[in-house]
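Here the structure comes first, spelled out in structure tokens, and everything after it is commentary.
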Amino acid sequence: MAWLLGGLALPGSAAADPPKVLENPYWQERIKAGSLPPVSARIPSVPMVVSGFAGNDGPGQPGGSIVTLGAERDTRLMATYGYTRLVAFEPDLSLRADILEAYTVEEGRRFTLRLRPGHRWSDGHPFTADDFRYWWEDVANNRELSPNGPPAEMLVDNKPPVFEIVDPATVRFTWQAPNPYFLEALARALPLFIYRPAHYLRQFHARYVEPQALEELVKKWRMQGWTRLHNRVDQMYVGDNPDLPSLSPWVPRTKPPSTRLVYERNPYYHRIDSNGVQLPYIDQVVLSVVSPTVIPLKAGSGETDLQARYLKFDDYTYLKGNTKTFSFEVLLWETGNGSELALYPNFNHNDPVLQTLFRDPRFRRALSMSIDRDEVNEVVFMGMAHPSNNTIRPGSPLFQPAYRELNIKYDIKQAGKLLDEIGLTKRDSENVRLMPDGRPLVLVAETAGETKEQTDILSLIQSTWRRAGIKLLIRPQTRDLLRQRVAAGETMISVWPGVENAMPTAASSPREFAPGTLGDLQWPKWGLYRESKGKAGESCDMPAVQRLIELVDTWEKTVDPEAQKAIWREILTAHAEQQFSIGVISGSQQPVVISRKLRNVPRNGIYSWHPGSFFGMYRPDTFWLQR
């Protein structure tokens with residue numbers, strides 16, 4: 200049984216002889232006072248040793264604080280930026296042990312996880328197998344705390360795994376069949392947390408506290424019942440409870456609401472650099488809470504040290520113009536979605552005439568060919584993006600140029616031939632094509648609000664579709680209303696960002712390429728049918744989409760990498776040929792404002808939610824301040 204190890208990150212492997220660990224001046228007073236042990240007693244005996252750095256500035260010096268701007272709800276982004284996971288994505292998209300010392304996978308169904316000996320929570324309490332047991336027995340399988348049972352990623356054929364504690368530092372999950380979703384779920388931007396600080400949370404749990412004492416605690420917190428109290432204090436991702444022990448590089452020291460939320464370095468953090476310096480380099484991260492609408496202005500006034508959230512390409516000229524006045528620079532990273540904006544025809548539309556049109560691949564190809572993507576690129580993105588289908592990016596090992604390029608050339612003549620072939624040959628007095636029932640071909644694109652970029656793109660599409668004889672109307676909605684209308688079969692075309700994980704490997708889940716949930720914009724009723732296991736929604740009756748479902752089902756039971764690649768190739772080819780969604784532009788530029796003193800931030804990066812965790816995959820714990 201071969202262990203998959205963590206260590207020497209970017210790239211990573213196990214360090215046989217970790218360097219001598221150096222004490223950080225930040226903790227000197229607490230160490231002298233006896234309230235904190237020396238660093239040799241604070242880090243695991245097998246720490247993760249980081250020897251490579253995404254920004255190529257090398258090992259840094261510890262100290263200092265940085266400011267980032269956000270809304271109060273952005274406390275959760277600290278768990279994303281900090282990106283500390285049991286297993287984590289590297290920039291090459293491989294998965295490596297991080298919090299774990301090592302792990303093994305047997306037959307794709309038996310996962311053995313080995314913790315780093317001596318690893319501790321941020322309050323100094325040992326991190327052990329009991330923290331996994333607490334989550335599995337007392338949270339995930341407690342019907343009061345988790346009425347729906349364990350998360351979907353923990354079920355295979357609707358059956359949970361067998362959980363074992365092998366020893367105090369080793370746990371094992373065993374399913375009856377392969378679970379290809381498990382490891383990736385642990386590494387996501389919003390991860391599956393399969394452990395909890397049991398020593399802290401037991402005081403809020405009915406299994407461990409006498410009823411009267413627990414009731415008094417519930418009253419003290421002004422909560423309605425112990426389950427709500429437990430859920431309130433157990434927010435591993437949200438990060439708004441300073442008392443909740445953490446394994447992240449920075450831990451909250453300020454309880455919201457506040458306009459200045461402070462996150463302090465974790466004295467027990469498990470990563471060190473090759474010189475023996477405990478990470479993170481930065482002592483404090485301050486989240487300055489402001490209205491998102493003023494963040495571009497504040498970023499351009501030098502009020503942030505690291506900022507991408509709430510900045511758009513529209514802001515670039517203003518930001519760049521202020522770099523000489525204030526001590527910051529503006530980097531441009533590529534956005535990571537499959538398309539900056541994608542159009543999703545609703546195959547489950549209630550109108551049978553529109554439904555028939557949307558399900559005809561010739562119609563979808565005609566819509567795609569009637570978009571002048573080069574014009575969109577030049578007008579909206581200064582020629583710095585790439586005309587593209589809604590598909591995966593070149594950074595993925597699965598990428599092929601045809602996935603991006605098929606049917607995207609602007610060709611009104613060919614689009615017209617396809618529309619004529621369908622039978623849409625008649626036109627009204629405004630030169631708008633008529634549908635088979637005689638109604639004008641007027642399509643409505645519904646958006647979840649509007650940004651300037653989105654408005655500009657849709658206006659250009661509106662113009663070129665009109666040349667093809669298709670009238671396009673644009674209707675902004677709230678996000679909730681849009682979702683409701685999609686699910687009800689009332690939307691014609693939804694406007695949304697493209698593929699979320701546009702940098703998959705063969706081992707990545709292809710679920711977002713086939714019906715799976717009610718939230719699927721182009722096939723919500725088929726998605727609900729899958730999500731509810733046939734109890735709601737509608738069974739898919741479109742052969743090309745049914746094939747996608749079959750491929751995803753096959754992938755879920757496949758552990759052979761070559762077979763997984765073959766499945767991915769067929770799925771991606773089908774999407775390129777069938778245009779199940781219509782992409783426009785990918786690789787647009789995301790402004791990243793950084794202090795001129797901040798080091799190890801990559802000059803070029805991919806700004807994506809998954810798998811990038813925005814800054815997270817580039818390890819902000821290795822960013823440092825030049826002084």
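In our numbering, each residue's number is its place in the sequence shown (first place is 1) plus 199. We put the beta carbon where it would ideally sit given N, CA and C, even for glycine. In this text, all values refer to a predicted model and were calculated from it rather than measured experimentally.
The way I'd put it, the segment 436-445 does touch the segment 319-331; three or more beta-carbon pairs between them come closer than 8 Å.
DSSP places Val579 in the helix class (H, G or I) of the three-state scheme.
In this structure, Pro675 is the residue among Pro217, Pro586, Pro675 with its C-alpha nearest to the C-alpha of Thr650. Less than 8 Å divides the Cβ of Val579 from the Cβ of Ile656. Contact annotation, Leu292 with Pro723: C-beta distance approximately 30 Å; criterion of less than 8 Å not satisfied. Taking the CA atoms as reference points, Pro551 sits about 15 Å from Phe562. Taking C-alpha positions only, Ser587 is separated from Leu299 by approximately 39 Å. Between Ser487 and Leu268, the CB-CB gap stays under 8 Å. Ranking Pro495, Ser490, Val461, Gly499 by CA distance to the CA of Asp482 puts Val461 first.
Taking C-beta separations shorter than 7 Å and ignoring five residues to either side along the sequence, the partners of Arg229 in its chain run Leu235, following chain order.
Taking 8 Å as the cut-off, the beta carbon of Leu312 is found closer than this to the beta carbon of Val370.
Look at Asp291 here: in three-state DSSP terms it is coil, with no helix or strand label.
Of all C-beta pairs linking the segment 388-405 to the segment 326-344, three or more are shorter than 8 Å, placing the two stretches in contact. Taking a cut-off of 8 Å for Cβ pairs, the segment 622-629 and the segment 487-500 do not touch, as fewer than three such pairs fall below it. For Ala296, the pairing in a beta bridge is given by DSSP as Val286.
As a beta-bridge residue in DSSP terms, Asp472 pairs with Val249. Ranked by how close their Cα comes to the Cα of Phe512, the residues Tyr817, Leu531, Arg768 have Leu531 in first place. Between the beta-carbon of Phe372 and that of Pro360 there is about 4 Å, and that keeps the pair under the 8 Å contact cut. The DSSP assignment places complete alpha helix (DSSP H) segments of no fewer than 4 residues inside the segment 540-605 at 551-558, 560-568, 572-580, 600-604, in order along the chain.
When DSSP assignments are scanned along the segment 398-440, the uninterrupted stretches of alpha helix (DSSP H) that are 4 or more residues long and fall wholly within it turn out to be 410-420, 425-432. When the beta-carbon positions are compared, Ala376 and Val355 come within less than 8 Å of each other. Under the three-state reduction of DSSP, Gln721 is assigned to coil, being neither helix nor strand. Using a Cβ distance threshold of 8 Å, Asn589 and Gly697 count as a contacting pair. Residues Gly535 of the same chain have their beta carbon placed closer than 6 Å to that of Ser807, with the five preceding and five following residues left out of the count. In the structure shown, Thr757 falls within a coil segment according to DSSP collapsed to helix, strand and coil. 8 Å or more divides the Cβ of Ile692 from the Cβ of Pro560. Comparing alpha carbon positions, the residue from Ile471, Leu505, Arg638 closest to Phe252 is Ile471. Using a Cβ distance threshold of 8 Å, Ser812 and Ala240 do not count as a contacting pair. Counted as a single uninterrupted DSSP element, the stretch harbouring Ser628 is not any beta strand (DSSP E), since DSSP gives it neither H nor E.
Residue burial is scored here from C-beta neighbours: Asn799 has at least 16 other C-beta atoms within 10 angstroms and is therefore classed as buried. Shown here for Trp202: same chain residues with a beta carbon closer than 6 Å to its own, the five before and five after excluded, namely Ala301, Thr303 in chain order.
Looking at Ala614, Tyr225, Phe362, the one whose alpha-carbon comes closest to that of Ser264 is Tyr225.
For Pro790 against Leu510, the beta-carbon gap comes to about 5 Å, under 8 Å, which counts as contact. Shown here for Met422: same chain residues with a beta carbon closer than 6 Å to its own, the five before and five after excluded, namely Leu428 in chain order. By the Cβ neighbour-count rule, Tyr817 is buried, with 16 or more other Cβ atoms within 10 Å of its own. Taking C-beta separations shorter than 6 Å and ignoring five residues to either side along the sequence, the partners of Pro349 in its chain run Ala339, Pro359, following chain order.
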